[in-house]
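The block underneath contains the structure these notes are about, expressed in structure tokens.
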């Protein structure tokens with residue numbers, strides 16, 4: 015018990031440190047979202063994780079023939095797609111994936127997304143990094159139609175499918191255009207509640223271990239004096 019109680023306490027303090035790290039991370043991310051928009055220039059571009067949640071202004075042309083749909087996305091109870099298209103930047107010629115928003119699943123969805131998407135345009139958005147789900151329930155195998163339907167987006171999979179070398183980010187478009195896509199993106203949240211809960215749990219175990227040790231010690235002393 016002499017070893018167990020301090021060990022449990024140290025685990026509790028470690029979880030409190032993790033909670034503090036989460037709070038600092040949340041503050042830093044919120045500060046990023048409020049910073050002035052950036053432009054993706056080749057000469058002065060930070061690493062992708064340093065761009066996370068930054069606002070960005072882009073100018074270029076959509077390569078609509080390389081569009082994909084992220085399927086089974088819900089909006090107000092309706093099923094639809096997120097429309098993801100690479101944008102070729104005017105200044106550098108580099109390619110960045112843009113999530114242009116949500117559209118309902120209708121017979122005209124395929125042809126509708128290609129209208130008014132040609133030519134140079136300016137868009138604004140927020141930078142994210144696409145991640146595969148922790149548990150993959152549906153395989154990515156529906157490339158039989160155009161645009162292909164994928165359950166989620168990963169940069170590696172997109173590069174393999176398209177043959178394009180896109181930048182390691184995804185831009186969630188926020189600016190309006192002629193398309194009727196819905197762009198109501200969820201606010202990113204970083205919570206410390208899980209770590210607080212774990213800390214309470216470890217401290218509770220430490221208290222229980224201490225009480226058990228005190229009781230056993232008392233019983234031992236009592237038995238020796240009788």
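In the working numbering, the protein residues as written are 15 to 240.
From the three backbone atoms N, C-alpha and C, an ideal C-beta is built for every residue, glycine too.
Classification of residue i by the beta-carbon crowding that lies within 10 angstroms, buried from 16 upward
i: residue 80; result: buried
i: residue 235; result: exposed
i: residue 105; result: exposed
i: residue 72; result: buried
i: residue 226; result: exposed
i: residue 29; result: buried
i: residue 129; result: Caution is warranted here: a pLDDT of 49 is assigned to residue 129, below 50, making its placement in the model unreliable, and the coordinate value is therefore given only provisionally. Under this definition residue 129 is an exposed residue.
i: residue 103; result: buried
i: residue 201; result: exposed
i: residue 232; result: exposed
i: residue 39; result: exposed
i: residue 228; result: exposed
i: residue 107; result: exposed
i: residue 90; result: exposed
i: residue 54; result: buried
i: residue 92; result: exposed
i: residue 133; result: exposed
i: residue 167; result: buried
i: residue 230; result: exposed
Residue i, enclosing alpha helix (DSSP H) - first and last residue
i: residue 117; result: Residue 117 -> not in any alpha helix (DSSP H); beta strand (DSSP E) instead, spanning 109-118.
i: residue 39; result: 18-48
i: residue 244; result: In the structure displayed, the chain extends from 15 to 240; residue 244 sits before or after that span and is not available.
Own chain partners of residue i with C-beta closer than 7 Å, once the 5 adjacent residues on each side are dropped
i: residue 87; result: 94, 95, 96 and 116
i: residue 85; result: 95, 163, 164 and 165
i: residue 26; result: 213, 216, 217 and 220
i: residue 178; result: 80, 100 and 109
i: residue 169; result: 144, 180 and 182
i: residue 141; result: 65, 66, 67, 68, 70, 183 and 185
i: residue 197; result: 115, 187 and 188
Cutoff 6 Å; reference residue i; Cβ partners in own chain excluding five residues on either side
i: residue 33; result: 206, 209 and 210
i: residue 161; result: 81, 82 and 83
i: residue 175; result: none
i: residue 199; result: 186
Distance cut-off 7 Å: residue i Cβ against heavy atoms of the ligand GTP
i: residue 87; result: Absence of the ligand GTP is noted for the structure shown, with no ligands found whatsoever.
Opening and closing residue of the beta strand (DSSP E) in which residue i lies
i: residue 69; result: 69-76
i: residue 103; result: 92-103
i: residue 62; result: Where residue 62 is concerned, there is no enclosing beta strand (DSSP E), although the alpha helix (DSSP H) it sits in stretches over 62-65.
i: residue 88; result: 82-89
Residues that residue i bridges to, as DSSP identifies them
i: residue 138; result: 71
i: residue 52; result: 70
Same chain, Cβ closer than 8 Å to residue i, five either side skipped, listed in chain order
i: residue 22; result: 216, 217, 219, 220 and 223
i: residue 46; result: 66, 67 and 68
i: residue 189; result: 136, 137, 138 and 139
i: residue 51; result: 68, 69, 70, 71 and 138
i: residue 43; result: 66, 67, 202 and 204
i: residue 49; result: 68 and 69
i: residue 173; result: 179 and 180
is_contact[residue i, chain B] using C-beta, thresh 8 Å
i: residue 111; result: Absent here is chain B; the protein component of the structure consists of one chain.
Please go through the region 178-232 and give each complete beta strand (DSSP E) segment of 3 or more residues, from N-terminal end onward. 180-187
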